[in-house]
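Residue numbers (the working numbering): 434 to 495. A virtual CB, placed ideally from N, CA and C, is assigned to each residue, including glycine.
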């Protein structure tokens, strides 16, 4: 099974967060870390990690 990778625009649309908020939350350890894609300049997030983060927040987690 392959893992789906989301780009920043998709993560922003799913979470409602801005780019700066996403990276600030990563720095605080409160959001899944991005992964480097081929070429080294592009990044993405595993869809499953973003969905888990959303579900955790919906469940009242901080």
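Just the C-alpha distance for residue i and residue j, rounded to the nearest angstrom, thanks.
{"i": "residue 443", "j": "residue 469", "result": "16 Å"}
{"i": "residue 439", "j": "residue 477", "result": "5 Å"}
{"i": "residue 452", "j": "residue 459", "result": "11 Å"}
{"i": "residue 471", "j": "residue 457", "result": "24 Å"}
{"i": "residue 448", "j": "residue 437", "result": "16 Å"}
{"i": "residue 462", "j": "residue 486", "result": "12 Å"}
{"i": "residue 475", "j": "residue 492", "result": "31 Å"}
{"i": "residue 490", "j": "residue 480", "result": "15 Å"}
With burial defined as no fewer than 16 other Cβ atoms inside 10 Å of the residue's Cβ, what is the status of residue i: buried or exposed?
{"i": "residue 455", "result": "buried"}
Could you check which residue in the options has the C-alpha nearest to that of residue i?
{"i": "residue 464", "options": "483, 471 and 475", "result": "483"}
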